[in-house]
Every structure is written in structure tokens, then in C-alpha cells.
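Report on the structure given below.
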């Protein structure tokens, strides 16, 4: 259930999951200080099975395993923050979980959204755009194959 | 939400070792003190045993409510079922479910049976029942406070259907003792 106030939660969790520990720490240096937290689980590293579908809509198959790091923290008022991210960056997972918890409260939300999440999202959008442009420049269209399906 | 194991690997090894020793020597008390800060209603040994045994692939039943129930769901990752008969692992925090209602496995696959963890008020291996059976050279003593009044009848019926049957783990605070389905209990020497 996503309540009205935290409608943006999936978006900020996604932005945090893609950011490196260094990036988050650099942005936090100019943001208000984070409250103390208690680690509930992790940060721990495991594997997750990535599944794909042939052609995007075929039968699901196991593509391979990827490393995954997860962390859950709790603030003094009981708010829980979670982070699951690809890779093995424990520090980033813990920071992202703390930020997720802080972003759910009113006290820090606006400052953190403006100071941390927006710059991360802008940077990530720019990087995605650059990758897409590089890929588009080398695209080959198999027009005959496409019509045979 | 309270934390679970601080070191999931070594703490669950310790829990597994305690459970294995307890099952191998029915009635002998083992200690499990890995969990110190727990939600209300959960005892340290019982919670450690459940975290050790249950994972996302086991069906768990518990009568714990509120924060304790959330804690179990979060830290084990196991699906919680409403009917005791479907569960592979059960944690009774208040009153023990009927042993006859739990999954006893089948004659072909007796290891599919349920394991029931019960929180009792007190556990002592100096006095009480006389236990005999595999893992016990002569006799072991065990006393548990807070089991149902007809527990011994239920237990006799449980041992009678061997190789099927339910295994029991009794927990009080940090103390833990096991009663595998092969252990016979009598009130007299």
C-alpha cells in the first residue's frame, strides 16, 4: 500500500538504489544531518535470480544470478527504511535505507528531496539519455526479420 | 521493529548446533542467547530456533500477534499460514496446539512432519518426568511448566505412530530442550 504522502517513495528508492555510496555521501555533506538509526537487518549481500523472456514476451527463463545487497534500518520513532540494490556496496545500501526512512517523515522530506534525490535523478536521467544516444547511433534495423515473426 | 541475528551466518550456526545437540540428547538443556532485544511475547531461545529453522521456503504457523508476528514474518521471510496442520514449523507462544492436528509426515517421507516450538514458563532437567529412548543411555529427567494438562496422553499418541509424528522443542527464556518423536515419557521411574 502506498499512501498519498509517500506516493513518490518508489521513485526515490529507485534513485537511491542506482546511486553509489560516494555520490550519496557527497550530496549529504550539504544536506541537514541525518538522525541516528538502528540497523534491523544487514547490510548483507546475496544473490538473486534474474529472469528474462525470449523476445520480451516469450516463456520466462533464468538469465543468470546477480549480486544483491539489502539493508533495513529503523529510526527512533519506529519508521522503517529499506534498500535492495544490485551490486555489493554495503555502505550505499545502509545510507539508502536511512534516507528512505528519513524521507517518509515530514521533518526532513523536502530538504532531502531537493538536496539528494533530485540531483541523483537528474544525473541518472542524463546518463541514461547518453547511453540511449550511443546505442541509437549504432542501431541496425532487421526489417525483414521483424515482419517474419 | 527489533533487529534479528547480528551475524546471520554464525548466529544461525550456533542455533543449529544447539538444536542438533538438543535433538541428539532428548531432555538435556541447551542455551541459545544470541537474541537479546526481542519484541514482547517472544523468548530468546524460541525466537533463535525459529530464525534458524525457517526461511522463505518453509510454511510457518505462530500464535504470536502484533509486533512479534511482524518480527517473525520479516526476519524469517517465511509465509505465515493460518492452519497449524499445513505448517512445517510452528511457534506456540501462549498455548500449545493439539499434536494430533499437526502434520505427522507419511510412512514413506516421515521427515516431512512438523516441528513444534513451544514457549513454556520453566524448564528443568534436574527433576520431573523420566525420559527414555534413542539418545538417552539410561534415563534423563525433564520438567516443563505451562504445557496442557493432557500433554502426556497427546505425547503417547504421538510416539505411537512412529515413524510418523511431530518433533517438539521446548523453550523457556534462553533454555531449550527437545523431545523428538522417539522419546518416551513416563511420570514414574
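Residue numbers (the working numbering), protein chains in the order written: chain A, 30 to 178; chain B, 2 to 190. Positions of the beta carbon are idealized from the N, C-alpha and C atoms, including for glycine.
Taking 8 Å as the CB threshold, residue 117 of chain A stays off the interface with chain B. A distance below 7 Å between beta-carbons, with the five flanking residues on each side excluded, links residue 66 of chain B to no residue of its chain.
About 13 Å separates the beta carbons of residue 78 of chain B and residue 53 of chain B, which is beyond the 8 Å limit, so they are not a contact pair.
Going by DSSP, residue 103 of chain A is part of the beta strand (DSSP E) stretching over 89-104. Listed in chain order, the positions of the segment 128-152 of chain B with a beta carbon within less than 8 Å of a beta carbon of chain A would be empty, since no residue qualifies. Where residue 168 of chain B is concerned, the enclosing beta strand (DSSP E) starts and stops at 168-173.
Within the same chain, and ignoring the five residues on either side of residue 163 of chain B in sequence, the residues whose Cβ sits closer than 7 Å to its Cβ are 182, 183.
Interface annotation for the segment 51-70 of chain A against chain B: 67, 68, 69, 70, criterion Cβ-Cβ distance under 8 Å. Any Cβ of chain B closer than 8 Å to the Cβ of residue 109 of chain A would place that residue at the interface, and such an atom is present. Rounded to the nearest angstrom, the gap between the Cα atoms of residue 99 of chain A and residue 125 of chain B is 41 Å.
Look at the segment 2-14 of chain B: the residues with a C-beta under 8 Å from a C-beta of chain A are 2, 3, 4, 5, 9.
Taking the CA atoms as reference points, residue 120 of chain B sits about 23 Å from residue 106 of chain B. For residue 73 of chain A, the chain B residues whose Cβ falls inside 7 Å of its Cβ are 9, in order along the chain. For residue 49 of chain A, no chain B residue has a C-beta closer than 7 Å to its own C-beta; the minimum C-beta separation is roughly 25 Å. By the neighbour-count definition (other C-beta atoms within 10 Å, threshold 16), residue 31 of chain B is a buried residue. Note that the segment 140-160 of chain B touches the segment 89-109 of chain B; at least 3 beta-carbon pairs, one per stretch, sit closer than 8 Å. Per DSSP, residue 30 of chain B is not a residue of any beta strand (DSSP E), being assigned neither H nor E. The three-state secondary structure of residue 9 of chain B, taken from DSSP, is helix. Separation of residue 59 of chain A and residue 40 of chain B (C-alpha to C-alpha, rounded to the nearest whole angstrom) is 37 Å. Contact between the segment 159-173 of chain A and the segment 48-68 of chain A is not established, with fewer than three Cβ pairs separated by less than 8 Å. Runs of the beta strand (DSSP E) spanning 3 or more residues and lying entirely within the segment 83-171 of chain B occur at 90-93, 116-120, 123-133, 141-146, in chain order. If you compare the alpha carbons of A:42, A:75, A:37 with that of residue 124 of chain A, the shortest gap goes to A:42.
Here DSSP, grouped into helix, strand and coil, assigns residue 63 of chain B to strand. Residue 167 of chain A sits in coil when the DSSP states are folded into three classes, being neither helix nor strand. With respect to the 8 Å criterion, residue 92 of chain B and residue 23 of chain B are not classified as neighbours on the basis of their beta carbons. In its chain, beyond the 5 residues on either side, 140, 185 have a beta carbon closer than 7 Å to the beta carbon of residue 133 of chain B. Between the C-alpha atoms of residue 101 of chain A and residue 85 of chain A there is a straight-line separation of about 33 Å. Residue burial annotation: residue 189 of chain B is exposed, with fewer than 16 other C-beta atoms found within 10 angstroms of its C-beta. If you draw a 10 Å sphere on the C-beta of residue 6 of chain B, you find 16 or more other C-beta atoms in it, and that means buried. DSSP lists A:102 as the bridge partner or partners of residue 68 of chain A. For residue 85 of chain A, there is no enclosing beta strand (DSSP E), as DSSP marks it with neither H nor E. The Cβ atoms of residue 105 of chain A and residue 112 of chain A lie no closer than 8 Å to each other. Residue 142 of chain A has its alpha-carbon roughly 11 Å from the corresponding atom of residue 135 of chain A.
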